[in-house]
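Participant:
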C-alpha cells in the first residue's frame with residue numbers, strides 16, 4: 242500500500258503574503274474572484290523558483306465541470322501574489338495567459354482565485370513525472386562555461402551580450418538534433434513578447450523540458466512567468482492620460498526592449514528583431530506568422546470585456562487594446578516592410 246504524500250500544514254496566517262504596493266484601483270475582489278476551497282499548500286523552496294513575487298505551491302482539488310468522478314484529480318499550481326501592484330499585477334498576468342491562448346501559443350494555463358481574501362495568480366505546474374526543466378540560464382552556462390556566465394549574470398549584462406544567433410547555437414550545443422523544434426518555441430515566445438510588450442524575459446523564465454528517459458524528445462517549455470506588460474503597474478490616472486496623450490503612449494511602446502540582440506547590430510528594437518528573424522531564418526516564418534492575424538485581436542477584445550469587465554476599468558481595457566493594436570501593426574511592419 243502506497244503511503245500518501247504528507248504535506249506539512251501551514252498556519253492560515255502564513256497564507257497571506259506581504260504586499261509592497263496596492264494598486265489604486267480596488268473593488269470587492271472576493272465578489273468577482275472565486276475563492277479556492279479545496280487545496281493543500283506548501284512553500285516553493287523545494288522547487289528553487291526565482292522571482293520577486295511571493296508564491297506557494299498549491300495542490301488543488303477544485304471541482305471541474307464535466308468531471309464525473311467524485312475523486313477529483315489533484316492539479317498543481319504555482320500561486321503568486323502580485324506584491325508590487327496588488328492585485329492588478331495578478332489580473333494582468335492572467336490576461337496575458339488568455340491572450341497567448343488566443344494566438345495559439347503554448348503557454349502555462351492559469352486562473353485567478355482568492356486565498357484568505359488575497360487574490361492569487363495560479364499558474365499550472367506543467368512538469369510531469371520523469372521530466373525536468375532546463376532554464377535558459379543553464380543553456381547559456383553550458384555553452385559559455387559556468388564562470389563566464391556567472392560574471393555576465395552578476396553584472397546583468399545578458400541582454401547586451403547574448404544575440405539570437407548565439408542563443409540558437411547554445412541550443413544546438415546542448416540539444417543537438419532537437420534544436421529546430423526548440424528554437425521554434427523560443428521564437429514564438431519572442432514574437433508574443435513583442436506583441437504584448439513584455440520586457441522581463443530573463444534567462445530564468447524560459448526553458449526546455451527534458452525527459453529523463455532518452456526515448457522521449459526535449460521540447461520548449463510552455464511560456465510562463467509573463468507579468469511585466471500591458472500597463473501592469475500603471476495607476477488609473479495615468480491610464481486615462483495615455484489614452485489621449487499620444488506622446489506618453491508612444492514612449493511606453495518604445496521603451497520595451499528585447500531580451501537579446503542581433504549579431505553585428507547595436508541597440509536592436511524588439512520589432513526590428515522579429516523582422517530580422519523573419520528575413521534571415523525563413524524556416525521560422527510560420528512560427529511568427531501565427532501571431533499576425535488581426536482577427537485574433539477581436540477575440541481578445543471580447544475576452545477582455547466578457548471575462549475581465551468586472552476586474553478592470555473601462556479605460557484600462559481600452560488602453561490595453563490600443564496597445565495591442567499598435568504593437569501588432571509594428572510587428573507586421575517589421576516583417577513585411579523591414580521597418
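Residue numbers (the working numbering): 242 to 580.
Glycine is no exception: its CB is placed at the ideal position from the N, C-alpha and C atoms.
Please read all numbers here as calculations on a predicted model, not as lab measurements.
1. Can you tell me which of the three DSSP states residue 531 falls into?
2. Which residues mark the beginning and the end of the alpha helix (DSSP H) in which residue 383 is found?
3. Who are the Cβ neighbours of residue 563 in its own chain at under 6 Å, not counting the five residues just before and after it?
4. What span of residues does the alpha helix (DSSP H) with residue 414 cover, start to end?
5. Let me know the secondary structure DSSP gives residue 519 once reduced to three states.
6. Quick one: what's got a C-beta closer than 6 Å to residue 295's C-beta in the same chain, skipping five residues either side?
7. Among 423, 537, 415 and 476, which residue has its Cα nearest to the Cα of residue 553?
8. Whole angstroms are fine: how far does the CA of residue 474 sit from the CA of residue 496?
9. Residue range of the alpha helix (DSSP H) that residue 271 falls in?
10. With burial defined as no fewer than 16 other Cβ atoms inside 10 Å of the residue's Cβ, what is the status of residue 341: buried or exposed?
11. Quick one: Cα of residue 279 to Cα of residue 302, how far?
12. For residue 490, which of helix, strand or coil comes out of DSSP?
13. Using a Cβ distance threshold of 8 Å, determine whether the region 378-386 contacts the region 406-419, with at least three qualifying pairs required.
14. In terms of residue numbering, what span does the alpha helix (DSSP H) encompassing residue 549 cover?
15. Who are the near neighbours of residue 482 in its chain, counting only those whose CB is closer than 7 Å to its CB and skipping five residues on each side?
16. Quick one: measure Cβ to Cβ for residue 282 and residue 464, integer angstroms, because I've assumed they're closer than 8 Å.
17. Quick one: is residue 245 buried, meaning 16 or more other Cβ sit within 10 Å of its Cβ, or exposed?
18. List the whole-angstrom C-beta distance separating residue 561 from residue 472, where the pair is believed to meet the contact cut-off of C-beta under 8 Å.
19. Which parts of the region 307-372 are runs of the beta strand (DSSP E), unbroken and 3 residues or longer, counting only runs that do not cross its ends?
20. Would residue 515 pass as a contact of residue 529 if the rule is Cβ separation under 8 Å?
21. With a threshold of 16 other CB atoms inside 10 Å of the CB of residue 271, please say whether the residue is buried or exposed.
22. With the cut-off set at 8 Å, would you say residue 499 and residue 509 are in Cβ contact?
23. Hey, how far is the Cα of residue 391 from the Cα of residue 407?
24. Here's the rule I'm using: 16 or more other beta-carbon atoms within 10 Å means buried, otherwise exposed. How should residue 568 be labelled?
25. Quick one, which of 346, 456, 441 and 461 has its alpha-carbon nearest residue 448's?
26. Does the distance from the C-beta atom of residue 428 to that of residue 518 stay below 8 Å?
27. How big is the Cα-Cα spacing for residue 512 and residue 433?
28. Write down every uninterrupted run of the alpha helix (DSSP H) in the region 387-467 whose length is 4 residues or greater and which is fully enclosed by it, in chain order.
29. Between the C-alpha atoms of residue 353 and residue 505, what's the straight-line distance to the nearest angstrom?
30. The beta strand (DSSP E) that contains residue 556, what's its start and end?
31. Check residue 287 in the structure and name its three-state DSSP category.
32. State yes or no: is the C-beta of residue 453 within less than 8 Å of the C-beta of residue 379?
33. Report the rounded CA-to-CA distance for residue 547 versus residue 346, giving the unit in angstroms.
34. Taking C-alpha atoms, which residue in 273, 267, 565 and 268 lies nearest to residue 435?
Facilitator: On the basis of the coordinates in this document:
1. In the chain shown, counting from the first residue as 1, residue 531 sits at position 290. It is coil, neither helix nor strand.
2. As a working mapping, residue 383 is identified with position 142 in the chain shown. Looking at the DSSP string, the run of the alpha helix (DSSP H) that includes residue 383 is 377-385.
3. In the chain shown, the residue the question calls residue 563 occupies position 322. Closer than 6 Å at Cβ, skipping near neighbours: no residue.
4. Here residue 414 is taken as the residue at index 173 of the chain shown, counted from 1. 405-415 is the span of the alpha helix (DSSP H), which, as asked, contains residue 414.
5. On the chain shown, position 278 is the one that residue 519 refers to. If DSSP states are grouped into helix, strand and coil, residue 519 belongs with the helices.
6. Indexing the chain shown from 1 puts residue 295 at position 54. Hits under 6 Å: 258, 322 and 324.
7. Counted from its first residue, the chain shown places residue 553 at position 312. Comparing Cα-Cα distances from residue 553 to each of 423, 537, 415 and 476, the minimum goes to 476.
8. On the chain shown, position 255 is the one that residue 496 refers to. On the chain shown, position 233 is the one that residue 474 refers to. Near 15 Å, if we compare the C-alpha coordinates of residue 474 and residue 496.
9. By one-based count along the chain shown, residue 271 stands at place 30. 270-273 is the span of the alpha helix (DSSP H), which, as asked, contains residue 271.
10. As a position in the chain shown, residue 341 is number 100, starting the count at 1. Here residue 341 is buried, its C-beta having at least 16 other C-beta atoms within 10 Å.
11. The residue given as residue 279 occupies position 38 in the chain shown. The residue given as residue 302 occupies position 61 in the chain shown. Their Cα atoms are separated by approximately 5 Å.
12. Here residue 490 is taken as the residue at index 249 of the chain shown, counted from 1. Of the three classes helix, strand and coil, the one that applies to residue 490 here is helix, per DSSP.
13. By the Cβ test, the region 378-386 is in contact with the region 406-419, since at least three Cβ pairs between them sit closer than 8 Å.
14. As a position in the chain shown, residue 549 is number 308, starting the count at 1. Start and end: 536-549.
15. Along the chain shown, one-based indexing puts residue 482 at 241. So the list reads 489, once near-sequence residues are dropped.
16. Residue 282 sits at position 41 when you count from the first residue of the chain shown. Residue 464 sits at position 223 when you count from the first residue of the chain shown. 25 Å between Cβ atoms; not a contact.
17. Within the chain shown, the letter at position 4 stands for residue 245. For residue 245, the pLDDT reaches just 44, beneath the cut-off of 50, and the residue's location in the model is therefore unreliable, leaving the point undetermined.
18. The sequence position of residue 561 within the chain shown is 320, counting from 1. The sequence position of residue 472 within the chain shown is 231, counting from 1. The pair is a contact, with the Cβ atoms about 7 Å apart (cut-off 8 Å).
19. 316-321, 351-356 and 359-365
20. Here residue 515 is taken as the residue at index 274 of the chain shown, counted from 1. Here residue 529 is taken as the residue at index 288 of the chain shown, counted from 1. Yes. Within cutoff.
21. Taking the first residue of the chain shown as 1, we reach residue 271 at position 30. Exposed is the call here.
22. Against the chain shown, residue 499 aligns to sequence position 258. Against the chain shown, residue 509 aligns to sequence position 268. For residue 499 and residue 509, yes; Cβs fall inside 8 Å.
23. Residue mapping note: residue 391 aligns to position 150 of the chain shown, counting from 1. Residue mapping note: residue 407 aligns to position 166 of the chain shown, counting from 1. Each residue's Cα considered, the two are about 17 Å apart.
24. Residue numbering aside, residue 568 sits at position 327 when the chain shown is read from its first letter. Taking a 10 Å sphere around the C-beta of residue 568, we find 16 or more other C-beta atoms and assign the residue as buried.
25. As a first step, residue 448 must be located in the chain shown, where it is residue number 207. When each option's Cα is compared against that of residue 448, the closest is 461.
26. Here residue 428 is taken as the residue at index 187 of the chain shown, counted from 1. Here residue 518 is taken as the residue at index 277 of the chain shown, counted from 1. Taking 8 Å as the cut-off, the beta carbon of residue 428 is found closer than this to the beta carbon of residue 518.
27. Position 271 of the chain shown, counted from the first residue, corresponds to residue 512. Position 192 of the chain shown, counted from the first residue, corresponds to residue 433. Straight-line Cα distance between these residues: approximately 11 Å.
28. Counting only runs of 4 or more, we get 387-395, 399-402, 405-415 and 420-437.
29. For the purposes of this step, residue 353 is identified with residue 112 of the chain shown, where counting begins at 1. For the purposes of this step, residue 505 is identified with residue 264 of the chain shown, where counting begins at 1. One C-alpha to the other measures close to 43 Å.
30. Reading the chain shown from its first residue, position 315 is the one you call residue 556. Not the beta strand (DSSP E): residue 556 falls in the alpha helix (DSSP H), residues 555-577.
31. The count along the chain shown starts at 1 and reaches residue 287 at position 46. Caution applies to residue 287, whose pLDDT of 49 falls short of 50 and renders its modelled position unreliable; the value that the coordinates give is listed next. Helix, per DSSP.
32. Here residue 453 refers to the residue found at position 212 when the chain shown is read from its first residue. Here residue 379 refers to the residue found at position 138 when the chain shown is read from its first residue. Not a contact, by the Cβ cut-off of 8 Å.
33. Counted from its first residue, the chain shown places residue 547 at position 306. Counted from its first residue, the chain shown places residue 346 at position 105. So the alpha carbons of these two residues sit roughly 21 Å apart.
34. To locate residue 435, count along the chain shown from 1; it is residue 194. Between residue 435 and the set 273, 267, 565 and 268, the nearest pair of CA atoms involves 565.
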